[in-house]
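*Asks:* Handing you this structure, nothing more for now.
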Amino acid sequence: VKGGFDSFMDKEIHDQPQAVADTLLGRTDELGRLKLDELRIDETILRSIDKIIVVACGTAAYAGFVAKYAIEHWCRIPVEVELAHEFRYRDPVVNEKTLVVAVSQSGETMDTIMAVRHAREQGSKVLAVVNTYGSTIARESDAVLYTHAGPEVAVASTKAFIAQITATYLLGLYLAQLRGNKYIDEVADYLAELGRIPARIEEVLSRQDEVREVARAMRDTTSVLFLGRHVGYPVALEGALKLKELAYIHAEGFAAGELKHGPIALVEEGQPVFVVVPTPRRPTLHAKVISNIQEVRARGARTLVIAEDGDDAVEPYADVVFRYPATPTLMTPLVSVVPLQIFASELARAKGYDVDQPRNLAKSVTVE
Ligand code: M6R
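Residue numbers (the UniProt record's numbering): 249 to 616.
See the structure below:
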């Protein structure tokens with residue numbers, strides 16, 4: 249069942265190219281337009297929504313956080329991302345003009361189910377982005393956009409995360425198409441970029457041995473920081489979560505720009521810091537992240553940098569570089585997260601831990 253891999257998690261990391269391809273499959277017509285037949289919410293309602301709130305927990309919330317950047321850019325609709333358990337127990341401003349998007353691999357996360365119920369009680373339409381057919385969230389929502397990642401067995405979510413980003417991107421492009429924010433050929437260009445992602449993930453996977461070797465050498469590490477900016481920020485949060493849950497190492501993700509507002513005080517000699525670097529073809533964003541690497545390096549950090557192929561600017565400040573193939577900014581989370589998943593899995597294995605069943609955790613959290 250593990251397909252020759254040491255763990256389900258490793259298998260699922262390697263399933264990711266297929267998860268993206270399957271999530272894209274059959275969702276365009278012969279003219280290259282997106283057609284999401286399953287979005288059974290009246291088009292007039294979808295045209296009139298003035299806010300999107302993504303409700304989710306854990307990794308699914310980070311997928312929503314990535315989607316916020318893309319959907320706001322493409323659709324010019326404000327997108328909030330809220331942990332489902334926080335959304336439920338405050339008094340959120342939601343109404344019939346709000347589209348609530350519930351993201352969940354299992355579709356059985358009680359916190360997210362309660363958020364869905366709460367949103368519908370307030371008159372909002374709820375769209376579920378779930379991986380499990382017929383799950384509670386799928387059944388209780390107004391419409392479902394399934395991720396086609398296939399069953400995810402390991403407690404740590406990997407391919408579901410990648411498929412959630414893909415599906416929420418399809419939603420964003422569909423809304424842009426429907427609401428006229430983007431021309432059909434622009435939507436087609438972005439879809440073509442999504443279509444190139446499986447091959448790029450394969451490329452990152454082909455380089456996994458370098459990541460594994462570094463992970464094994466860091467077996468005795470007790471604290472790791474992760475920095476990212478723009479869509480690299482949720483990737484940093486996800487990298488930290490993977491390391492916490494699998495290797496039981498204190499790990500924290502920060503927005504790189506937040507460093508000097510506090511977290512940089514944590515950096516001392518030898519502190520490992522992962523930095524997710526955007527494509528150099530976005531020079532302003534890129535330059536800012538390079539200067540963040542310099543800042544932590546100057547204070548003694550050991551920098552592990554995730555950067556695009558050919559991005560030489562990182563070399564002077566990186567102790568280790570893991571590369572990903574050239575990818576447009578909004579698409580980078582789909583490739584840059586992969587070395588972080590491999591790193592966490594290998595480090596956990598090196599420490600002798602159960603990669604698929606970390607202590608204290610359940611695959612789906614069915615209690616509040
Ligand atoms: O099934 P869900 O996507 O609703 O689960 C949400 C979280 O419990 C889940 O992503 C959790 O954070 C994972 N263990 C992360 O790897």
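Each residue gets a CB set at the ideal place from its N, CA and C atoms; glycine is no exception. Being a predicted model, the structure only gives us computed values, none of them experimental.
#1: Do residue 378 and residue 392 have their CB atoms nearer than 8 Å?
#2: Rounded to the nearest angstrom, what separates residue 614 and residue 565 at their Cα positions?
#3: Beta strand (DSSP E) containing residue 352: first to last residue?
#4: Say whether the region 549-565 touches the region 507-526, bearing in mind that this needs 3 or more beta-carbon pairs closer than 8 Å, one atom from each stretch.
#5: Use the C-beta contact count for residue 629: other C-beta atoms within 10 angstroms, 16 or more gives buried, fewer gives exposed.
#6: Examine the ligand M6R and report whether any of its heavy atoms sits within less than 7 Å of the Cβ of residue 382.
#7: Could you please give me the residues that DSSP links to residue 500 through a beta bridge?
#8: Please tell me whether, using a cut-off of 7 Å, the distance from the CB of residue 376 to the nearest non-hydrogen atom of the ligand M6R is below it.
#9: Buried or exposed, going by whether 16 or more other CB atoms sit within 10 Å of the CB of residue 298?
#10: Is residue 403 a contact residue of the ligand M6R, with contact defined as CB to any heavy atom under 7 Å?
#11: Does the region 414-426 come into contact with the region 435-446, if we say contact requires no fewer than three beta-carbon pairs (one atom in each stretch) closer than 8 Å?
#12: From the DSSP output, in three-state form, read off residue 265 for me.
#13: Give me, in chain order, the residues of the same chain whose beta-carbon lies closer than 7 Å to that of residue 371; leave out the 5 immediate sequence neighbours on both sides.
#14: Applying the criterion that 16 or more other CB atoms from any shown protein chain within 10 Å of the CB defines a buried residue, is residue 366 buried or exposed?
#15: Just the C-alpha distance for residue 586 and residue 500, rounded to the nearest angstrom, thanks.
#16: Can you give me the C-alpha to C-alpha distance between residue 601 and residue 494, rounded to a whole angstrom?
#17: Can you tell me whether residue 354 is buried or exposed? The criterion is at least 16 other CB atoms within 10 Å of its CB, across all chains shown.
#18: Using the C-alpha atoms, what's the distance from residue 583 back to residue 318?
#19: What separation, rounded to the nearest whole angstrom, lies between the Cα atoms of residue 538 and residue 561?
#20: Start and end of the alpha helix (DSSP H) containing residue 363?
#21: Check residue 334 in the structure and name its three-state DSSP category.
#22: What does the Cβ neighbour count give for residue 616, buried or exposed, with the cut at 16 atoms within 10 Å?
#23: Measuring CB to CB, does residue 267 end up less than 8 Å from residue 397?
#24: May I ask you to check if the CB of residue 330 is nearer than 7 Å to at least one heavy atom of the ligand NAD?
#25: For residue 291 and residue 486, what's the separation of their Cα atoms in angstroms?
#26: Which residues mark the beginning and the end of the alpha helix (DSSP H) in which residue 544 is found?
#27: If you reduce the DSSP assignment to three classes, tell me which class residue 395 lands in.
*Replies:* According to the structure data:
#1: One-based indexing of the sequence shown puts residue 378 at position 130. One-based indexing of the sequence shown puts residue 392 at position 144. Yes.
#2: Locating residue 614 in the sequence shown gives position 366, where the first residue counts as 1. Locating residue 565 in the sequence shown gives position 317, where the first residue counts as 1. In a straight line, the C-alpha of residue 614 is about 44 Å away from that of residue 565.
#3: Locating residue 352 in the sequence shown gives position 104, where the first residue counts as 1. Where residue 352 is concerned, the enclosing beta strand (DSSP E) stretches over 346-352.
#4: yes
#5: Because the chain here runs from 249 to 616, residue 629 falls outside it and cannot be looked at.
#6: Residue mapping note: residue 382 aligns to position 134 of the sequence shown, counting from 1. No, the ligand M6R has no heavy atom inside 7 Å of this Cβ.
#7: In the sequence shown, counting from the first residue as 1, residue 500 sits at position 252. In DSSP, residue 500 forms a bridge with 473.
#8: Here residue 376 refers to the residue found at position 128 of the sequence shown. No, the ligand M6R has no heavy atom inside 7 Å of this Cβ.
#9: Walking along the sequence shown from the start, residue 298 turns up at place 50. Classification for residue 298: exposed.
#10: For the purposes of this step, residue 403 is taken as residue 155 along the sequence shown, with counting starting at 1. Flag set: Cβ of residue 403 near the ligand M6R.
#11: yes
#12: Taking the sequence shown and counting its residues from 1, the one referred to as residue 265 is at position 17. Residue 265 falls in the helix class under three-state DSSP.
#13: Residue numbering aside, residue 371 sits at position 123 when the sequence shown is read from its first letter. Here the set comprises 343 and 344.
#14: For this step, residue 366 is matched to residue 118 along the sequence shown. Residue 366 is buried by the Cβ-count criterion.
#15: As a first step, residue 586 must be located in the sequence shown, where it is residue number 338. As a first step, residue 500 must be located in the sequence shown, where it is residue number 252. The straight-line gap from Cα to Cα measures roughly 18 Å.
#16: In the sequence shown, the residue the question calls residue 601 occupies position 353. In the sequence shown, the residue the question calls residue 494 occupies position 246. Computed Cα separation, rounded: 8 Å.
#17: In the sequence shown, residue 354 corresponds to position 106, counting from 1. So residue 354 ends up on the buried side.
#18: Your numbering for residue 318 matches position 70 in the sequence shown. Your numbering for residue 583 matches position 335 in the sequence shown. About 16 Å.
#19: The residue given as residue 538 occupies position 290 in the sequence shown. The residue given as residue 561 occupies position 313 in the sequence shown. Looking at the two C-alpha atoms, the distance is approximately 7 Å.
#20: If you number the sequence shown from 1, residue 363 lands on position 115. 358-369 is the span of the alpha helix (DSSP H), which, as asked, contains residue 363.
#21: Taking the sequence shown and counting its residues from 1, one reaches residue 334 at position 86. Helix, per DSSP.
#22: Along the sequence shown, read from residue 1 onward, the residue named residue 616 stands at position 368. Exposed, because fewer than 16 other Cβ atoms sit within 10 Å of the Cβ of residue 616.
#23: Counted from its first residue, the sequence shown places residue 267 at position 19. Counted from its first residue, the sequence shown places residue 397 at position 149. Yes, the Cβ-Cβ distance between residue 267 and residue 397 is below 8 Å.
#24: This structure lacks the ligand NAD; its bound ligands are the ligand M6R.
#25: Reading the sequence shown from its first residue, position 43 is the one you call residue 291. Reading the sequence shown from its first residue, position 238 is the one you call residue 486. If I take the Cα positions, the gap works out to 34 Å.
#26: By one-based count along the sequence shown, residue 544 stands at place 296. Unbroken alpha helix (DSSP H) run through residue 544: 531-546.
#27: If you number the sequence shown from 1, residue 395 lands on position 147. Note: residue 395 maps to coil in three-state DSSP.
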